[in-house]
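Novice: Sharing a structure here in structure tokens format.
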Amino acid sequence: MAPYVLAFSLPLLLFPLRKLNRYLYVFALALAWSLFAGLRLGIGGNDYFAYEGFYGALRDLIYGSADPRLEPLFRWLGLASKALGIGFHGFLSLSALLAILPAVYVIDRHSDGEPVALIVFGIEWMLYGSFVIIRQSIAMGLAFLAYDALKEKRLIWFTAFVAIAAGFHYSALLLFVLPLFMKTLDYRLRTAFFASACALLCALELFLNIGALEGSQISLLNKLLHYLGPGGANRLNLLNVAEILALSVLAHRYLREELPLFRNAYFLYICFAILALQDAIFIRFGWYFEIAIVLLIPTMLREAWKRRYEGQIVSLGLFLYYAAKIARWLLTNADGLGGFLPYRWILG
Numbered sequence: 027m028a029p030y031v032l033a034f035s036l037p038l039l040l041f042p043l044r045k046l047n048r049y050l051y052v053f054a055l056a057l058a059w060s061l062f063a064g065l066r067l068g069i070g071g072n073d074y075f076a077y078e079g080f081y082g083a084l085r086d087l088i089y090g091s092a093d094p095r096l097e098p099l100f101r102w103l104g105l106a107s108k109a110l111g112i113g114f115h116g117f118l119s120l121s122a123l124l125a126i127l128p129a130v131y132v133i134d135r136h137s138d139g140e141p142v143a144l145i146v147f148g149i150e151w152m153l154y155g156s157f158v159i160i161r162q163s164i165a166m167g168l169a170f171l172a173y174d175a176l177k178e179k180r181l182i183w184f185t186a187f188v189a190i191a192a193g194f195h196y197s198a199l200l201l202f203v204l205p206l207f208m209k210t211l212d213y214r215l216r217t218a219f220f221a222s223a224c225a226l227l228c229a230l231e232l233f234l235n236i237g238a239l240e241g242s243q244i245s246l247l248n249k250l251l252h253y254l255g256p257g258g259a260n261r262l263n264l265l266n267v268a269e270i271l272a273l274s275v276l277a278h279r280y281l282r283e284e285l286p287l288f289r290n291a292y293f294l295y296i297c298f299a300i301l302a303l304q305d306a307i308f309i310r311f312g313w314y315f316e317i318a319i320v321l322l323i324p325t326m327l328r329e330a331w332k333r334r335y336e337g338q339i340v341s342l343g344l345f346l347y348y349a350a351k352i353a354r355w356l357l358t359n360a361d362g363l364g365g366f367l368p369y370r371w372i373l374g
């Protein structure tokens, strides 16, 4: 447990560097997290061993030796790394750096000199992204740059970042809808999106579970408990539902009409989260929009601290929630060892 606590504390521990140079702080934090991810040994479930097999099969710069099921830029990244004589864990570290560095840069740029949003990013995305969903994690790192470019209305750069991200994971093409959501959504349009997501959820439940009407059925209570346990991986966990509700309330109270692009992106994530109540695969698409919340948190906290006691309550609530969330993730992925997932690395 201690290595994870240390990793998540790095935005705070390294923060004195920011007073010397912001770019030094950003690079040092991104590099430390990347090495934490890249030097791990056997952690990351089946994905870890799948990527190990992918990298082991590469032959110099022979494109045909790369797994054809993977996206072209990721294949070329692997081929180039192998041609340069970089080992598998060096490749993992490089992949993590490509994912983490742009994210840390953009988050720090929007954080008003506070490390809170980076701590949330570390807990929410750094660990799972750089340990498991490596290709999509790189795409999400580039998505942060795309958000930043779109906010500044640099559409050419936005298009370039999304196109490159799609070269690492095709799902990043979803980001091309973001220019349609740069202004505050009319409540009627917002309601229509929400209702459509709910209707699609009902349709999916009907068509995919119609056989359950004739066979044995799981009671609602058992299903809810199922979501909370390790077996809930097939559907969105209820902890995520609680998070969505709480953050939506906080955004409504403290943001109002501020940052419409980021607010609308998070609303799109909520629509995907509704579908994920049927199957968690939908949340993989929603992650491109969920990352907007980490860009909203600094403003949210700043506004909360302007009100008596609310700053303390909101800050404590965020800390306790994300601490509980990562504890649950470590417990439910402990490889059957009956405790927190032990950190193992190649040096010992």
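So the sequence shown is numbered by the numbering used here: it starts at 27 and just counts up by one. No residue lacks a Cβ here, since even glycine has one placed at the ideal position from N, Cα and C. As the structure is a computational prediction, the values presented were derived from the model and not from experiment.
How big is the Cα-Cα spacing for Y253 and A63?
Specialist: Because the pLDDT of Y253 is 40, which lies under 50, any placement of that residue in the model is unreliable, and the number read from its coordinates should be weighed accordingly. Whole-angstrom Cα-Cα distance: 28 Å.
Novice: Apply the 10 Å Cβ neighbour rule to C228 and answer buried if 16 or more other Cβ atoms are within range, or exposed otherwise.
Specialist: Exposed, because fewer than 16 other Cβ atoms sit within 10 Å of the Cβ of C228.
Novice: Do you know whose CA, among R85, G90, I319, E336, lies nearest G111's CA?
Specialist: It is R85.
Novice: Looking at L32: is its Cβ nearer than 9 Å to the Cβ of L43?
Specialist: Result no, Cβ atoms of L32 and L43 do not sit closer than 9 Å.
Novice: Locate the alpha helix (DSSP H) running through V203, then write down its first and last residues.
Specialist: Taken as a continuous stretch (DSSP letters only), V203 belongs to no alpha helix (DSSP H), as it is neither H nor E.
Novice: My understanding is that A291 touches F207, with C-beta atoms under 8 Å, so please give their C-beta distance in whole angstroms.
Specialist: About 7 Å; that satisfies the 8 Å criterion.
Novice: For Q304, is the classification buried or exposed, using 16 other Cβ atoms within 10 angstroms of its Cβ as the cut-off for buried?
Specialist: So Q304 counts as buried.
Novice: How is the alpha helix (DSSP H) around H136 delimited, first residue to last?
Specialist: Premise fails: H136 is in no alpha helix (DSSP H) and is neither H nor E.
Novice: Closer than 8 Å is the cut-off here; do at least three beta carbon pairs connect the stretch 112-127 with the stretch 53-70?
Specialist: Segments in contact, yes.
Novice: What number of angstroms, rounded off, separates the C-alpha of L46 from the C-alpha of L176?
Specialist: Those two C-alpha atoms are separated by around 29 Å.
Novice: How should G139 be labelled, buried or exposed, when 16 other C-beta atoms within 10 angstroms of its C-beta is the threshold for buried?
Specialist: Exposed, since its Cβ has fewer than 16 Cβ neighbours within 10 Å.
Novice: Considering just the uninterrupted stretch of the alpha helix (DSSP H) at D93, what are its terminal residues?
Specialist: Here D93 belongs to no alpha helix (DSSP H), and DSSP marks it neither H nor E.
Novice: Y49: which of W331, Q338, A129, L99 sits nearest, CA to CA?
Specialist: The residue with the shortest Cα to Cα distance from Y49 is A129.
Novice: Rounding to the nearest angstrom, what Cα-Cα distance links L215 and D174 in this structure?
Specialist: About 25 Å.
Novice: If you run the structure through DSSP and keep just helix, strand and coil, what is F34?
Specialist: Three-state result, F34: helix.
Novice: Is the beta carbon of F187 less than 9 Å from the beta carbon of L171?
Specialist: Closer than 9 Å, so yes.
Novice: With DSSP run on the structure shown, which of helix, strand or coil describes R333?
Specialist: Coil, per DSSP.
Novice: Which same chain residues, not among the five before or five after I372, have their C-beta less than 7 Å away from its C-beta?
Specialist: So the qualifying residues of the chain are L65, L67, H115.
Novice: At the level of alpha carbons, what is the spacing between L250 and A302?
Specialist: Per-residue confidence for L250 stands at a pLDDT of 42, beneath the threshold of 50, marking its modelled position as unreliable; no derived number is given.
Novice: I need the DSSP call for L247, collapsed to helix, strand or coil.
Specialist: Interpretation of L247 is limited by its pLDDT of 42, a score under 50 that renders its predicted location unreliable; the figure taken from the coordinates is listed afterwards. Residue state, collapsed to three classes: helix.
Novice: If we ignore side chains and look at the alpha-carbon of each, how far apart do Q162 and R282 end up?
Specialist: Distance between the alpha carbons of Q162 and R282: 31 Å.
Novice: For the 8 Å Cβ check, are there 3 or more pairs between the stretch 99-113 and the stretch 142-158?
Specialist: No contact exists between the stretch 99-113 and the stretch 142-158.
Novice: If I measure Cβ to Cβ from A109 and keep anything under 8 Å in the same chain, skipping five residues before and after, which residues do I get?
Specialist: So the list reads D86, L87, once near-sequence residues are dropped.
Novice: Using a Cβ-Cβ cut-off of 7 Å (strictly less than) and excluding sequence neighbours within five positions of I300, which residues of its own chain qualify?
Specialist: So the qualifying residues of the chain are A223, C224, L227.
Novice: If you reduce the DSSP assignment to three classes, tell me which class R66 lands in.
Specialist: In the structure shown, R66 sits in a strand (DSSP, three-state: E or B).
Novice: Pick from Y280, S341, F311: whose alpha carbon is nearest that of T325?
Specialist: With distances taken between Cα atoms, T325 lies closest to Y280.
Novice: In the DSSP assignment, what are the bridge partners of W183?
Specialist: DSSP lists no partner for W183.
Novice: Relative to the alpha-carbon of L321, which residue among L342, H136, I69, R370 has its alpha-carbon at the smallest distance?
Specialist: That would be H136, whose Cα lies nearest to the Cα of L321.
Novice: Kindly give me the distance between the Cβ atoms of A169 and I317, rounded to whole angstroms, as I take these residues to be in contact under 8 Å.
Specialist: Yes, they are in contact, since the Cβ atoms of A169 and I317 sit about 6 Å apart, within 8 Å.
Novice: Alpha helix (DSSP H) containing N72: first to last residue?
Specialist: Run containing N72: 71-83, per the alpha helix (DSSP H) assignment.
Novice: Is G104 near the ligand GDP, with its Cβ less than 8 Å from a heavy atom?
Specialist: Judged by which ligands are present, the structure shown has none, so any question about the ligand GDP falls away.
Novice: Taking the continuous alpha helix (DSSP H) assigned at Y369, which residues delimit it?
Specialist: Careful: Y369 lies outside any alpha helix (DSSP H) and carries neither H nor E.
Novice: Could you give the C-beta distance for F194 and A165, rounded to a whole number, given that I count them as a contact under 8 Å?
Specialist: F194 to A165, Cβ: 5 Å. Contact.
Novice: Measuring alpha carbon to alpha carbon, tell me which of A92, Y314, M152 ends up nearest A58.
Specialist: Among A92, Y314, M152, the Cα nearest to that of A58 is on M152.
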